[in-house]
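The block underneath contains the structure these notes are about, expressed in structure tokens.
Residue numbers (the working numbering), protein chains in the order written: chain A, 1 to 182; chain B, 1001 to 1534.
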């Protein structure tokens, strides 16, 4: 233990430390394996590229709805964040997006591992389902979104689509800032 | 072998995807088909060692007596009268040291090979009227012998003693010698080769001393099959030994110029690197999930997890990978061992006399005298306290078990032989016909005295000269030879009646025909004992 070169603020003299999330980021290589390893907390992140309505990003748009196409993976929620005009400052974040589709009589949700009734439940192939998310970004020349879930939550992202309208002031380029706008 | 990590740990919120459910169990089933590895077993070293699991010994030894005589009769010069001795042909071809060959079948293995022998260049002459002994051949150069290990007909090059360039010569100053009077003399007294000549230079490519023990070894990986391991030898320098004539009162005599090998042995340890596998294969047959398959006690338990559990709790030998268990899992590859480092504060000597080849129980009780008998190599302080001796009980006080477990002992020792000198006449140092002897010995528990192992007896002589141009050993120049000793005690078939208290290194001097006393000097030493499972 004396060779353990942990930062001074780590309570490495206390065995309880090794049960904390930080401790699991260290790997101790000795001649025997350990069986009480718990994987560290990890986030799974998908972040889209910047999306624009034309190739020069000169057309302002209002983004109405984002549709996420997924395969059933985990009966839980994940987080989606929206960004606009090239800035990674979050504009809208919603953390209650379900990672499974409605049960719809398929029993996929009813038969999840934690509540499946032995001898009554079945294994089910994941299916493609869509969830729509209200975006509410207005007058954006470019926009992006990010999907994030935290281990052990899993999502199986298959596709996405969206609805937009052009935001005009009588003409398509009307909302391009004037030369002195701040 | 790497760990097999599961792709996921099934959690309460996971949907019951048949592909993922199968991935949870299929790797464990696949692993059972001959791929279980060290990570699947406790590393507590409690597993049973199989017979010949680690090492299979192949050993041969041959005794041969140079017949120095005994002190109670009279010393004579060494000779090859013992038919068990082996005399090298005087050519430069590799030849088998008689009987030093072993043929056996291995799997994929490493062969740890050790050869040992003691040779004497039988050209000693003694003039009783002047009480001066000479070595006739040594004035013409060195013994020029090489030894090596040969495996399946191929010389293992790095085992060749000396240099592997046959024609490598020692550096000498440029100067002219007399006309070739010493080279050969015709019957009419004329020189056979008139004219000036350069100094004969002993080849540096081979061993030079007229009497010396040699130990050589190597580790050679081999493929499965039959292998032949041999201890081989050759003599270099075709010019010198054919010119070896010796003038006598009746003219000149062409002397035999032969090097003879006496005690010798060859040990091959077959160390399997990957065990042979005669496997018919094994598998655990689980039922995998398909879409809409029912999750019930049969599909999840009886047909799947229960099968895996039962198989892994009663492992078939075919389920294990080849050679997967390592030293963390297996019992030790040695039963017992000991190592002694011997470093007396100053050079130690004795003039106790060699009692004869077959007098292995004659042990000297005094450090000098001369006493007749073998003298334990000691540090000059005490020849009875274990800590002062080159003896295994210096560091291994307990007796070695030789009565309960089938095994074999490998004993190796080295002693720094400083020099030999005559002590009772003048010139004091210059006689090369006095010999020193070394040997290994051991004492059984309950015995009153140790026993010298005849097959380990080896010989050295005072041969160091200033230039190689004289037939007498030069002054008190030390030899400083590392004397190797070697023995294998094979208890794979028959055990001893008592344990072995210790192994030790012994020495003595084989004197001179006229009784001139000789004295042998030594200093550092080393002793190693390995007791290996059979």
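C-beta atoms are modelled at their ideal positions from N, C-alpha and C, and glycine is treated no differently.
Checklist entry - Roughly how many whole angstroms lie between the Cα atoms of residue 1508 of chain B and residue 1319 of chain B? => result C-alpha separation (whole angstroms): 59 Å.
Checklist entry - In three-state terms, what does DSSP make of residue 1022 of chain B? => result Correct three-state label for residue 1022 of chain B: helix.
Next on the checklist: Mapping the DSSP letters down to three states, classify residue 1243 of chain B as helix, strand or coil.
Outcome noted: Reliability of the predicted coordinates at residue 1243 of chain B is poor, the pLDDT of 48 falling under 50, and no value is obtained from them.
Checklist entry - Does the beta-carbon distance from residue 1262 of chain B to residue 1411 of chain B come in below 7 Å? => result With a cutoff of 7 Å on beta-carbon distance, residue 1262 of chain B and residue 1411 of chain B are scored as not near each other.
Checklist entry - How big is the Cα-Cα spacing for residue 128 of chain A and residue 41 of chain A? => result For residue 128 of chain A and residue 41 of chain A, the distance between alpha carbons rounds to 28 Å.
Item to check | Segment limits, beta strand (DSSP E) that includes residue 1313 of chain B | outcome: Element bounds for residue 1313 of chain B: not the beta strand (DSSP E) but the alpha helix (DSSP H), 1306-1313.
Checklist entry - So what does residue 1531 of chain B bridge to, in DSSP terms? => result According to DSSP, which records beta bridges pairwise, residue 1531 of chain B is partnered with B/1336 and B/1409.
Checklist entry - Hey, is the segment 91-103 of chain A in contact with the segment 114-125 of chain A, meaning 3+ C-beta pairs nearer than 8 Å? => result Verdict: no, contact absent.
Item to check | Residues of the segment 1020-1054 of chain B with Cβ closer than 7 Å to any Cβ of chain A, in chain order | outcome: Of all residues in the segment 1020-1054 of chain B, 1021, 1039 and 1043 have a Cβ within less than 7 Å of some Cβ in chain A.
Item to check | Neighbour list for residue 118 of chain A in chain B, Cβ cutoff strictly below 7 Å | outcome: What residue 118 of chain A touches in chain B: 1295, 1296 and 1297.
Item to check | Segment contact, 8 Å Cβ cut-off, at least three pairs: the segment 1091-1098 of chain B with the segment 1039-1056 of chain B | outcome: With the rule of 3 Cβ pairs closer than 8 Å, the segment 1091-1098 of chain B does not count as touching the segment 1039-1056 of chain B.
Checklist entry - How about residue 1236 of chain B and residue 1092 of chain B: are their beta carbons less than 7 Å apart? => result Contact flag set, yes.
Item to check | 6 Å CB neighbourhood of residue 1487 of chain B in its chain, flanking five on each side removed | outcome: Counting only Cβ-Cβ distances below 6 Å, and skipping sequence neighbours, we find 1411, 1440, 1453 and 1456.
Checklist entry - Can you round the beta-carbon distance between residue 97 of chain A and residue 137 of chain A to whole angstroms, since I take them to be within the 8 Å contact cut? => result In this structure, residue 97 of chain A and residue 137 of chain A do not form a Cβ contact; the two beta carbons are roughly 17 Å apart against a cut-off of 8 Å.
Checklist entry - Is residue 1419 of chain B buried or exposed, if buried means 16 or more other CB atoms sit within 10 Å of its CB? => result Looking at its Cβ environment, which holds 16 or more other Cβ atoms inside 10 Å, residue 1419 of chain B is buried.
Checklist entry - What residue range is occupied by the uninterrupted beta strand (DSSP E) comprising residue 1400 of chain B? => result Neither: residue 1400 of chain B is in no beta strand (DSSP E) and is coded neither H nor E.
Checklist entry - First and last residue of the beta strand (DSSP E) that includes residue 1120 of chain B? => result Unbroken beta strand (DSSP E) run through residue 1120 of chain B: 1108-1121.
Checklist entry - Alpha carbon to alpha carbon, what distance is there between residue 1337 of chain B and residue 1592 of chain B? => result In the structure as shown, chain B starts at 1001 and stops at 1534, and residue 1592 of chain B therefore has no counterpart that could be examined.
Checklist entry - What is the DSSP secondary structure of residue 1272 of chain B, reduced to helix, strand or coil? => result Correct three-state label for residue 1272 of chain B: strand.
Item to check | chain A contact residues for residue 1016 of chain B, given Cβ-Cβ distances below 9 Å | outcome: Near residue 1016 of chain B (Cβ distances below 9 Å), the residues of chain A are 108, 111, 112, 113, 116, 121, 122, 123 and 124.
Next on the checklist: So, for residue 1293 of chain B: in the same chain, excluding its five sequence neighbours on each side, which residues have a beta-carbon less than 7 Å away from its beta-carbon?
Outcome noted: Correct list, in chain order: 1018 and 1299.
Next on the checklist: Between the alpha carbons of residue 1233 of chain B and residue 1088 of chain B, how many angstroms are there, rounded?
Outcome noted: Looking at the two C-alpha atoms, the distance is approximately 7 Å.
Next on the checklist: So, at 7 Å on beta carbons, what are the nonlocal neighbours of residue 1357 of chain B in its own chain, with the 5 sequence-adjacent residues on each side left out?
Outcome noted: Taking C-beta separations shorter than 7 Å and ignoring five residues to either side along the sequence, the partners of residue 1357 of chain B in its chain run 1065, 1454 and 1457, following chain order.
Next on the checklist: Can you pull the chain B neighbours of residue 100 of chain A, defined as C-beta to C-beta under 8 Å?
Outcome noted: Going along chain B in sequence order, the residues near residue 100 of chain A (Cβ under 8 Å) are 1015.
Checklist entry - Can you find a C-beta in chain A that's less than 7 Å from the C-beta of residue 1010 of chain B? => result Flagged as an interface residue toward chain A: residue 1010 of chain B, by a C-beta distance shorter than 7 Å.
Item to check | Short-range partners of chain A found in the segment 1277-1295 of chain B, where Cβ spacing is below 9 Å | outcome: Correct list: 1289, 1290, 1291, 1292, 1293, 1294 and 1295.
Next on the checklist: Please identify the residue among B/1112, B/1135, B/1113 and B/1117 whose C-alpha is closest to the C-alpha of residue 963 of chain B.
Outcome noted: What is shown of chain B runs 1001 to 1534, which leaves residue 963 of chain B out entirely.
Next on the checklist: Could you tell me the alpha carbon to alpha carbon distance between residue 163 of chain A and residue 66 of chain A, rounded to whole angstroms?
Outcome noted: Their backbone Cα atoms lie some 7 Å apart in a straight line.
Item to check | Span of the beta strand (DSSP E) around residue 1011 of chain B | outcome: Per DSSP, residue 1011 of chain B lies in no beta strand (DSSP E) segment and is marked neither H nor E.
Item to check | Complete alpha helix (DSSP H) runs within the segment 1339-1394 of chain B (minimum length 4 residues, chain order) | outcome: Counting whole runs of 4 or more residues, the segment 1339-1394 of chain B contains no alpha helix (DSSP H) stretch at all.
Checklist entry - Could you give the distance in angstroms between the alpha-carbon of residue 1306 of chain B and the alpha-carbon of residue 1036 of chain B? => result Their backbone Cα atoms lie some 18 Å apart in a straight line.
Checklist entry - Whose C-beta lies closer than 7 Å to the C-beta of residue 1016 of chain B among residues of the same chain, with five residues either side of it excluded? => result Result list for residue 1016 of chain B: 1295, in chain order.
Item to check | Whole-angstrom distance between residue 1374 of chain B and residue 1112 of chain B, CA atom to CA atom | outcome: Cα-Cα distance, rounded: 32 Å.
Item to check | Test: residue 69 of chain A CB closer than 7 Å to a CB of chain B | outcome: Closer than 7 Å: no.
Checklist entry - Which residues, in chain order, does the segment 44-76 of chain A contribute to contact with chain B at a C-beta distance below 8 Å? => result Contact residues of the segment 44-76 of chain A toward chain B are 72, 73, 74, 75 and 76 (C-beta to C-beta distance below 8 Å).
Item to check | Min CB distance residue 152 of chain A to chain B below 7 Å | outcome: Closer than 7 Å to some Cβ of chain B, the Cβ of residue 152 of chain A qualifies, so yes.
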